[in-house]
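Participant: So the protein lines, in turn, are chains A and B.
Taking numbering that gives the first Met the number 0 as reference, the numbering of the first sequence is continuous, increasing by one, and the terminal residue is 287.
Taking numbering that gives the first Met the number 0 as reference, the numbering of the second sequence is continuous, increasing by one, and the terminal residue is 342.
Every residue gets a Cβ at the ideal spot worked out from N, C-alpha and C, and that includes glycine.
Please read all numbers here as calculations on a predicted model, not as lab measurements.
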Amino acid sequence: MIRRLPHGLVATLLVLPAGGYLALFFGLPLVLALLGSFGIYTRGDDGGFTLRHYADLFGTQAYRDGLMFSSYLAIVPTVVSLAISLPLAVALGQTFPGRRLFNALYKVPLVVPGIVAAFIVMTLFDRGGMAARVLAPFGLDLPKLVRDDWAIGVVIATAWKAVPFMTLIIGGSLGSIPKDVLSAARTLGAGPWAVFLRIKLPLALPGITAAFLLTFIGGMGSFAVPNLLGPVYPLPLSVHMYVNAFERNNWGLVAAMGTVLSLISVAVLLLYYRATRSLRSAYGGEHR
Amino acid sequence: MSTIEINDVAKTFGDVTAVAPLDLKVGDGEFLTLLGPSGCGKTTLMRMIAGITLPDRGSIKIAGRDVAALPPERRNVGLVFQSYALFPHMTVGANVGFGLKMRRVSKAETTERVRAALALVDLEPLAARFPRELSGGQQQRVALARAIVIEPDVLLLDEPLSNLDAKLREHLREDLRVLQQRLRVTAIYVTHDQAEAMALADRIIVMRAGKVVEEGAPVALYRAPRTRFAAEFLGQTNVIEITTSGTLPWGDAVRAPAGAVVSIRPEDVILRPDEQGAGRVLGLSFQGATVEYRVDLGGTEVRARDTGTGAPILPEGTTVAVRLNAEPHRLSDAPVRRLVSVP
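#1: I believe B:R227 touches B:L330 by the beta-carbon criterion, under 8 Å. Please report the beta-carbon distance rounded to the nearest angstrom.
#2: How many angstroms separate the CA atom of B:R254 from the CA atom of B:Q139?
#3: Can you tell me the Cα-Cα spacing of B:V261 and B:V238, whole angstroms?
#4: I'd like to know whether the C-beta atoms of A:F37 and A:P233 end up nearer to each other than 8 Å.
#5: Assuming A:V145 contacts A:G152 under a Cβ cut-off of 8 Å, what Cβ separation, rounded to an integer in Å, is found between them?
#6: What does DSSP give as the partner residues of B:D430 in its beta bridges?
#7: What does DSSP give as the partner residues of B:I3 in its beta bridges?
#8: Can you give me the C-alpha to C-alpha distance between B:I51 and B:I147, rounded to a whole angstrom?
#9: For B:E72 and chain A, any beta-carbon pair shorter than 8 Å?
#10: Count Cβ pairs between the segment 113-132 of chain A and the segment 151-169 of chain A that sit closer than 8 Å; are there 3 or more?
#11: With which residues is B:L270 paired in a DSSP beta bridge?
#12: Tell me, to the nearest whole angstrom, how far the beta carbon of A:A253 is from that of A:A266; I am working on the premise that it is less than 8 Å.
#13: Can you give me the C-alpha to C-alpha distance between A:T166 and A:V110, rounded to a whole angstrom?
#14: Measure the alpha-carbon distance for A:R80 versus A:G19 and round it to whole angstroms.
#15: Please list, in chain order, the chain A residues whose beta carbon lies closer than 8 Å to that of B:A84.
#16: What are the start and end residues of each continuous alpha helix (DSSP H) run of 4 or more residues lying completely inside the segment 213-266 of chain A, in chain order?
#17: Would you say A:T186 lies against chain B (beta-carbon separation less than 8 Å)?
#18: Between the C-alpha atoms of A:A54 and A:L212, what's the straight-line distance to the nearest angstrom?
#19: What separation, rounded to the nearest whole angstrom, lies between the Cα atoms of A:D64 and A:L196?
#20: Is any heavy atom in the ligand GDP found nearer than 7 Å to the beta carbon of B:A62?
#21: Which residues in the same chain have their Cβ closer than 6 Å to the Cβ of B:A198, if we skip the five residues on either side of it in sequence?
#22: Please list, in chain order, the chain A residues whose beta carbon lies closer than 8 Å to that of B:R102.
#23: Check distances from the C-beta atoms of the segment 39-66 of chain B to those of chain A and list, in chain order, the residues that come in under 7 Å.
#24: Residues of chain B with CB closer than 8 Å to the CB of A:P201, please, in chain order.
#25: Given B:A252, which residues of its chain have a CB within under 7 Å of its CB, disregarding the five upstream and five downstream residues?
#26: Short of 9 Å Cβ to Cβ, which residues in the segment 196-230 of chain A face chain B?
#27: Starting from B:H369 and walking both ways along the beta strand (DSSP E), at which residues does that stretch end?
#28: Using the rule of at least 16 other Cβ atoms within 10 Å of the residue's Cβ for burial, across every protein chain shown, is B:V339 buried or exposed?
#29: How is the beta strand (DSSP E) around B:M206 delimited, first residue to last?
#30: Whole angstroms are fine: how far does the CA of A:P16 sit from the CA of A:L23?
#31: Any idea if A:Y40 is buried or exposed, counting beta-carbon neighbours within 10 angstroms, 16 or more meaning buried?
#32: Under the assumption that B:T349 contacts B:G309 (Cβ atoms under 8 Å), give the Cβ distance between them as a whole number of angstroms.
#33: Where are the beta strand (DSSP E) runs, 3 residues long or more, that stay fully inside the segment 65-132 of chain B, in chain order?
#34: Count the other CB atoms, across all protein chains shown, that sit within 10 Å of the CB of B:I312; report buried if there are 16 or more and exposed otherwise.
#35: I'd like to know if the segment 179-190 of chain B and the segment 23-40 of chain B are in contact, where contact means that at least 3 CB-CB pairs between them fall below 8 Å.
#36: Under a CB-based cut-off of 8 Å, is A:F32 close to chain B?
Structure (structure tokens):
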């Protein structure tokens with residue numbers, strides 16, 4: 000005779016492998032970081048609940064500027080990359096001579112690690128770099144692009160990495176729009192520009208926002224590139240985290256910084272879901 | 000006057016000739032059907048009229064205006080796709096209103112015309128729904144409303160019913176014909192379904208391998224085809240070679256010379272049980288309204304169809320006499336093929 004297990008228990012057992020994995024490797028670290036930021040179970044000091052680390056973070060000018068700078072490094076390179084990727088993805092959807100070659104070439108930065116990209120930008124655009132030497136005989140001088148106040152070097156290196164990545168995602172999402180739908184819009188009187196604005200753009204929006212979001216979150220926590228190419232002041236929060244963890248052993252503050260960066264990313268993620276909800280339902284993925 | 004005039008239009012894709020140079024005229028308010036197997040060039044021809052595919056050469060005139068160099072958005076053509084191609088991110092109302100919006104028609108007029116177009120296809124209450132919330136038949140009617148609301152010079156329909164089940168297809172076919180006659184719009188209908196073609200068209204153009212094989216009104220094309228291809232593509236037929244003695248293989252006299260090829264429709268072959276008859280029933284298939292027979296007649300397998308006369312079923316092996324209800328129709332292109340003989 001087979002004894003029947005209670006329904007609830009069976010469900011719990013079935014969910015356990017996947018749910019347990021998520022809880023253990025994603026949930027637990029996040030919870031530990033959150034607790035740590037309030038001084039609970041913090042490495043190196045265990046003084047009980049405190050808001051000291053947050054007070055420290057928001058009360059120190061350098062950290063406030065660091066938070067602003069991290070947000071800047073999330074937004075600006077992402078916007079610049081999107082401005083390049085979107086037209087590029089549209090262009091790659093058309094047929095033109097040399098398309099296949101270009102299609103292979105533009106993906107090269109995908110296989111180059113970020114730190115290598117940063118060094119490439121440095122050798123090219125730093126004072127006395129290759130670009131400066133090429134331009135010098137013509138009496139031209141490059142503005143300061145490495146370690147400059149606007150972090151232009153960081154923007155260049157990040158965008159160089161992000162453009163193929165975003166183009167790939169956006170191109171895939173544009174390519175999945177049925178050709179007949181585009182043809183139908185044309186026969187109904189929409190020119191190429193109207194087809195782009197009213198059909199392609201809204202239908203590719205989930206892909207566009209996904210690409211934007213992933214690049215944004217990457218920029219939020221970027222460490223190596225701004226450390227190499229960024230200005231001396233402000234430093235991004237990621238660099239402050241490194242310094243506080245390994246030079247000052249101040250893990251509570253590190254946890255607070257990590258929590259704030261994660262919260263900003265989560266907020267953007269929620270905005271993404273809001274922005275694409277109606278579209279996902281139109282595609283039939285979800286029912287209202 | 001919304002006529003279409005096509006002169007010397009051709010299209011190749013790489014090495015493949017999709018449409019060989021052809022001329023075609025469609026009269027005002029005519030319902031023309033392009034009929035042929037897949038890959039015969041019918042869809043390519045239609046896409047060239049719509050402007051989605053550019054012809055390699057030739058001119059296309061719609062309502063007297065040469066449109067060959069115009070992009071699709073400036074041709075004023077309504078196109079209904081096999082895939083419906085509705086905009087998934089827009090409501091039914093917005094889908095139908097899209098063409099009017101592009102034409103900068105005022106909001107009030109758009110609302111009224113969208114309502115009227117949806118009423119025409121019986122979908123008025125569904126204007127606020129999204130396409131995915133509709134059945135296939137409803138989606139197809141939205142596509143139709145979207146194409147006619149712009150009052151196109153020509154309505155192009157690319158196998159619009161082939162994704163629907165048989166019953167719905169027949170129902171929508173009738174609706175479509177009524178609608179086209181009411182609107183008096185010139186229409187070109189692409190299909191590989193001969194029954195659909197005959198039920199809808201004023202005129203059928205039979206295509207094969209990028210060429211027009213034959214054209215004509217449905218009745219004439221069915222009853223008196225010139226070519227073997229058209230005879231066989233429109234319904235079933237028996238293609239039979241006249242013997243050297245100038246008779247049908249089972250000895251019946253015929254008004255055609257020896258070696259000629261004739262077409263005999265199965266429904267014109269009337270069977271009657273007769274011990275002295277020339278034929279023997281090889282097999283039958285009961286299909287409700289009709290009974291299909293395969294009969295051995297003088298070593299030739301002939302198809303016969305009892306179209307609901309209520310005559311008793313003739314079992315396999317019955318010896319039968321044969322009478323032809325119509326004079327065998329001689330095919331003039333007559334490609335002689337070795338006929339399958341019955342052991």
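Facilitator: Answer, in terms of the structure:
#1: Between B:L330 and B:R227 the Cβ distance is about 5 Å, and since that is below 8 Å, they are a contact.
#2: Roughly 48 Å separates the two Cα atoms.
#3: If I take the Cα positions, the gap works out to 6 Å.
#4: Taking a C-beta distance under 8 Å as the contact criterion, A:F37 and A:P233 do not qualify as a contact pair.
#5: Contact between A:V145 and A:G152 holds: CB atoms are separated by about 4 Å, below the 8 Å threshold.
#6: Outside the modelled stretch of chain B, which goes from 0 to 342, sits residue 430 of chain B, for which no answer is possible.
#7: Under DSSP, B:I3 shares a beta bridge with B:V25, B:I61.
#8: If I take the Cα positions, the gap works out to 18 Å.
#9: Taking Cβ atoms only, chain A reaches closer than 8 Å to B:E72, which makes this a yes.
#10: Inter-segment contact for the segment 113-132 of chain A and the segment 151-169 of chain A is present: three or more beta-carbon pairs are separated by less than 8 Å.
#11: Per DSSP, B:V321.
#12: Reading the sequence as shown, one finds Val at residue 253 of chain A and not Ala. Rounded to the nearest angstrom, the Cβ distance from A:V253 to A:A266 is 21 Å, too far for a contact under 8 Å.
#13: If I take the Cα positions, the gap works out to 15 Å.
#14: The question names Arg, but residue 80 of chain A in the sequence shown is Ser. Roughly 37 Å between the two C-alpha positions.
#15: For B:A84, the neighbours in chain A by C-beta distance under 8 Å run, in chain order, P177, D179, V180, S182, A183.
#16: The DSSP assignment places 223-228, 236-245 as complete runs of the alpha helix (DSSP H) inside the segment 213-266 of chain A, in order along the chain (cut-off: 4 residues).
#17: Yes, because at least one Cβ of chain B sits closer than 8 Å to the Cβ of A:T186.
#18: If you take the alpha carbons of A:A54 and A:L212, they lie about 29 Å apart.
#19: Roughly 38 Å between the two C-alpha positions.
#20: As far as ligands go, the structure on display features none, and thus does not contain the ligand GDP.
#21: R172.
#22: The answer, in chain order, is G188.
#23: Cβ contacts with chain A come from A49, I51.
#24: Simply H88.
#25: So the qualifying residues of the chain are T246.
#26: For the segment 196-230 of chain A, residues whose beta-carbon sits nearer than 9 Å to a beta-carbon of chain B comprise R197, I198, P201, L202, L204.
#27: This structure cannot settle anything about residue 369 of chain B, because the visible part of chain B is limited to 0 through 342.
#28: For B:V339, the pLDDT reaches just 43, beneath the cut-off of 50, and the residue's location in the model is therefore unreliable, although a value from the coordinates is still provided. With fewer than 16 Cβ atoms within 10 Å of its Cβ, B:V339 is classed as exposed.
#29: Element bounds for B:M206: 202-207.
#30: It is roughly 10 Å from the alpha-carbon of A:L23 to the alpha-carbon of A:P16.
#31: A:Y40 is exposed by the Cβ-count criterion.
#32: Residue 349 of chain B cannot be examined here, being either before or after the span of chain B that is shown, 0 to 342.
#33: Counting whole runs of 3 or more residues, the segment 65-132 of chain B contains the beta strand (DSSP E) stretches 76-79.
#34: By the neighbour-count rule (16 or more Cβ atoms within 10 Å), B:I312 is not buried but exposed.
#35: The segment 179-190 of chain B, when compared against the segment 23-40 of chain B, does touch it at the 8 Å Cβ threshold.
#36: The sequence shown places Ala at residue 32 of chain A, not Phe. Not one chain B Cβ lies under 8 Å of A:A32.
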